[in-house]
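Notes follow the structure.
Encoded structure:
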């Protein structure tokens, strides 16, 4: 090679080396001082050529590595073996560390004497970080797969098992060693195997996946041959040009059993409800008819044979009539009570203020002689079934109306207060009230705190109210004192 | 023609309970409602009366109003109503359901099938007499009945 050609070649090489950005490529003299610098070196280590040329290369090492004599050892190793390579921490100009791949090669003269070193350094920090992230991620998924209660089974494109987690061992009864490499069909009953093979073949041929990405209920077969219901979620991915599958399988035996129990109980409940329905219907139709006869013919006797009855006979027949009418009221109230339990609910916004005003007007119209002061808070809106809320207010207002009947200054109030952070609607009156000692009996069917002669009633109204409020998930309670009125509260969550 | 004229003011009471029948007759009498009352004691008999079949072959009646109970032997009241409305001869016939039930489904079915009115029999006889008075006044006096069918059936 003539000198001119050599010069051109050397220039080219220098240009090439200088322009490399991803590698620090530089020369050290025999003592280890930096003799040349390239762009990559500046990029990776942070020094400009004029700052670093002439300085000893140990400044690239962390202090503890310098103290341990690693720079000298590296040069010695390069000389002795012709090449030194390591992955280790290095330090940038700003003091920050990076994970570096370092290669040091000795440069010799024509006589074989070492005149310096060529050094190539690569920053592996990113690669290192990615590798660590991958390790972390794999570790996480491995932990997940190992601890999962569900079976996790992977298979290759031919449907041969490649992974079988402890959950799968538990559920299917096979050890991984027994089934690794075996076809997935060992986990299925005979009758499902053909469909599986066809599906696999179709997927391999066309990519048409009927089960991938969905959750389906199938039947699995354990090692001991027993079958069990399972839920399968299947994912597929390409691995090295081939399809691979991972399925998550859950044993749903217990759930199926619970479903079945629930279904049976629901059916029983429905049957009981239907029976109750038929019973209520029959009561509504048939129980009233004899009462009509008793009342009607008693009245007929009173009218047609009054001249042959003494006052006591007339009184007895009046009692018979009063009793039949009371029983008719009871039947109606009971049917209403049954109805509020059975009727479907439609929850919506109910204007309680308007409803109360409406019902109060009805009461006032039916009892024009009474003077009652009505105070209804405006703007009360509840979330409830409108029809049932009407029944609630009808009963509470009706009671308030009834139990204030002996007061000339009767007052009925409808409003809303906050009780333990909940909105409680209330109907308050200043009527007869009751002894709080008996408050526990208040909401039971047929429970009455007053004699019928004092205040008429069947004792079903508050039971009906309570049933409706409970159906809404709310609470109902009362506060009262004898002759000082009563307040009934209810909440609607 | 004379037969039809005679039956025009007639009331058909469809009622299987003899007590209720007696009480209804009493309530009508107390209100001075003199119209002839024909009683059918089950659904099939009611249809025979209206269509001139069975025991009343060839002798159909065209009552002013039908008072129809719902719970009846053989054919129930709602089915009787359905057949009345399905037949050309009786589709406009005033039918008042007079029953014990106040079950919502009965009321709804009754109106859906074309009942003209739905009355629940009160237990209190005084109230029942009043209901019958108003019924008679409305259906036998105030109400303009549909014209009789043109056919010679």
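Chains as they are written, first to last, in this note's numbering: chain A, 190 to 682; chain B, 5 to 157. From the three backbone atoms N, C-alpha and C, an ideal C-beta is built for every residue, glycine too.
Are the CB atoms of residue i and residue j nearer to each other than 8 Å?
i	j	result
residue 268 of chain A	residue 243 of chain A	no
residue 669 of chain A	residue 652 of chain A	no
residue 72 of chain B	residue 59 of chain B	no
residue 64 of chain B	residue 56 of chain B	yes
residue 173 of chain A	residue 333 of chain A	Since the first residue shown for chain A is 190 and the last is 682, residue 173 of chain A is missing from the structure and cannot be characterised.
residue 677 of chain A	residue 663 of chain A	no
residue 14 of chain B	residue 39 of chain B	yes
residue 17 of chain B	residue 41 of chain B	yes
residue 84 of chain B	residue 51 of chain B	yes
residue 564 of chain A	residue 553 of chain A	no
residue 487 of chain A	residue 472 of chain A	no
residue 620 of chain A	residue 593 of chain A	yes
residue 78 of chain B	residue 47 of chain B	yes
residue 506 of chain A	residue 524 of chain A	no
residue 234 of chain A	residue 272 of chain A	no
Taking DSSP's pairing of strands, which residues face residue i in a bridge?
i	result
residue 649 of chain A	Answer by DSSP bridge pairing: none, since residue 649 of chain A is not bridged.
residue 441 of chain A	Residue 441 of chain A pairs with nothing; no bridge assigned.
residue 425 of chain A	A:434
residue 143 of chain B	Residue 143 of chain B is not bridged to any residue.
residue 280 of chain A	A:286
residue 308 of chain A	A:215, A:293
residue 677 of chain A	A:616, A:667
residue 410 of chain A	A:416
residue 44 of chain B	B:18
residue 520 of chain A	DSSP lists no partner for residue 520 of chain A.
residue 572 of chain A	A:538
residue 136 of chain B	Note: residue 136 of chain B sits in no beta bridge, so no partner.
residue 600 of chain A	A:562
Would you verify that the beta carbon of residue i is, or is not, closer than 8 Å to some beta carbon of chain B?
i	result
residue 484 of chain A	yes
residue 455 of chain A	no
residue 382 of chain A	no
residue 495 of chain A	no
residue 583 of chain A	no
residue 359 of chain A	no
residue 517 of chain A	yes
residue 615 of chain A	no
At a Cβ threshold of 8 Å, is residue i touching chain A?
i	result
residue 50 of chain B	no
residue 162 of chain B	Because residue 162 of chain B is not part of the residues shown, which for chain B are 5 to 157, the question remains open.
residue 30 of chain B	yes
residue 46 of chain B	no
residue 156 of chain B	Low per-residue confidence applies at residue 156 of chain B: pLDDT is 44, beneath 50, and the placement is therefore not dependable, though the value from the model is reported in the following sentence. By this cut-off, residue 156 of chain B is not an interface position.
residue 130 of chain B	yes
residue 21 of chain B	yes
residue 80 of chain B	no
residue 116 of chain B	no
residue 71 of chain B	no
residue 139 of chain B	no
residue 102 of chain B	no
Hey, does residue i have any beta-carbon neighbour from chain E nearer than 8 Å?
i	result
residue 75 of chain B	The structure shown contains no chain E; the protein chains it does contain are A and B.
Can you find a heavy atom of the ligand PLP that lies under 7 Å from the Cβ of residue i?
i	result
residue 497 of chain A	Although the ligand PLP was asked about, the structure shown includes no ligands whatsoever.
Can you confirm whether the region 324-343 of chain A touches the region 244-263 of chain A when touching is taken to mean that 3 or more C-beta pairs between the two stretches lie within less than 8 Å?
In short, these stretches do not touch, since the Cβ pair count stays below three.
Check whether the region 212-230 of chain A and the region 304-324 of chain A are in contact - that is, three or more C-beta pairs closer than 8 Å.
With a cut-off of 8 Å, the region 304-324 of chain A and the region 212-230 of chain A count as touching, because enough Cβ pairs lie within range.
With three or more beta-carbon pairs closer than 8 Å as the criterion, would you say the region 394-405 of chain A touches the region 418-434 of chain A?
In short, these stretches touch, since the Cβ pair count reaches three.
Which residue spans inside the region 199-268 of chain A form an unbroken beta strand (DSSP E) run of at least 3?
Annotation note: the region 199-268 of chain A contains the following uninterrupted beta strand (DSSP E) runs of length 3 or greater, listed N- to C-terminal: 212-218.
Whole beta strand (DSSP E) elements within the region 75-130 of chain B, 3-residue minimum:
Runs found: 99-103, 121-124.
Within the region 48-77 of chain B, note down every full beta strand (DSSP E) run reaching 3 residues or more, in order along the chain.
Segments of the beta strand (DSSP E) lying fully in the region 48-77 of chain B: 69-72.
Are the region 238-253 of chain A and the region 318-325 of chain A in contact at 8 Å, needing three or more beta carbon pairs?
The region 238-253 of chain A is not in contact with the region 318-325 of chain A.
Check whether the region 458-467 of chain A and the region 376-385 of chain A are in contact - that is, three or more C-beta pairs closer than 8 Å.
Flag = no, the region 458-467 of chain A and the region 376-385 of chain A do not touch.
Hey, which unbroken runs of the beta strand (DSSP E) at 3 residues or more fall wholly within the region 326-375 of chain A?
If one requires a minimum length of 3 residues, the beta strand (DSSP E) runs lying completely within the region 326-375 of chain A are 340-345, 350-353, in chain order.
Between the region 636-651 of chain A and the region 17-26 of chain B, do at least 3 Cβ pairs fall closer than 8 Å?
The way I'd put it, the region 636-651 of chain A doesn't touch the region 17-26 of chain B; fewer than three beta-carbon pairs between them come closer than 8 Å.
At a cut of 8 Å, does the region 579-589 of chain A reach the region 536-549 of chain A through at least three beta carbon pairs?
Taking a cut-off of 8 Å for Cβ pairs, the region 579-589 of chain A and the region 536-549 of chain A touch, as three or more such pairs fall below it.
Any contact of the region 499-518 of chain A with the region 442-453 of chain A, i.e. 3+ C-beta pairs under 8 Å?
Counting C-beta pairs with one atom in each stretch, the region 499-518 of chain A and the region 442-453 of chain A have fewer than three that are closer than 8 Å, which means they do not touch.
Going residue by residue through the region 438-514 of chain A, where are the continuous alpha helix (DSSP H) segments of at least 4 residues, counting only ones entirely within it?
For the region 438-514 of chain A, whole alpha helix (DSSP H) runs of length 4 or above, ordered along the chain, are 442-471, 477-493.
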